[in-house]
Amino acid sequence: MADRRLQVFHAVAKHLSFTKAAEALFMTQPAVTFQVKQLEEHFNTRLFERGHGRNSLTPAGLLVLEYAEKILTLSAELDLRLKEMTGEVGGLLLVGASTTIAEFLLPQVLGDFK
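According to our numbering, the residues represented by the sequence shown are 7 to 120, in order.
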């Protein structure tokens, strides 16, 4: 799994808003700010220019965003490949059925599904 700080940074960079990123990540705004500050301390540079109601990426922030996207993509690909290797299947399954099928057939079929 990718570093949580990179995931949080990526969300803030995409939304250009700490508040909107917090909502998207189901986190509090102070927790998002803390994660970004930790990343800024790690790299010893500011990643965002913060203004009243307006944030923008610094040149360093643009560079970190470029690499964060690569890292997050590779991390997701690694997770997928390992799940394929171990036979673990995951994802979203949408099922549609008529009332009769949903009531009488699907419970048995879904009960057998793992």
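Glycine residues also receive a C-beta, built at the ideal position from the N, C-alpha and C atoms.
Exclusion of the five residues before and after Val18 leaves Phe24, Ala27, Val38, Val42, Phe54 and Asn61 as the residues of its chain whose Cβ lies within less than 8 angstroms of its Cβ. Distance from the Cα of Thr64 is smallest, within the candidate group Glu46, Ser81 and Leu80, for Glu46. Phe32 sits in coil when the DSSP states are folded into three classes, being neither helix nor strand. Glu90 and Gln44 have their C-alpha atoms spaced approximately 34 angstroms apart. In this structure Phe15 is buried. Its beta-carbon is surrounded by 16 or more other beta-carbon atoms within 10 angstroms. Every unbroken stretch of the beta strand (DSSP E) spanning 3 or more residues and falling wholly within the stretch 31–67 is given here in chain order: 54–57 and 60–63.
Around the beta carbon of Val70, a 10 Å sphere encloses 16 or more other beta carbons of the protein chains shown; the residue is thus reported as buried. CA-CA distance, Gly57 to Gly67, rounds to 15 angstroms.
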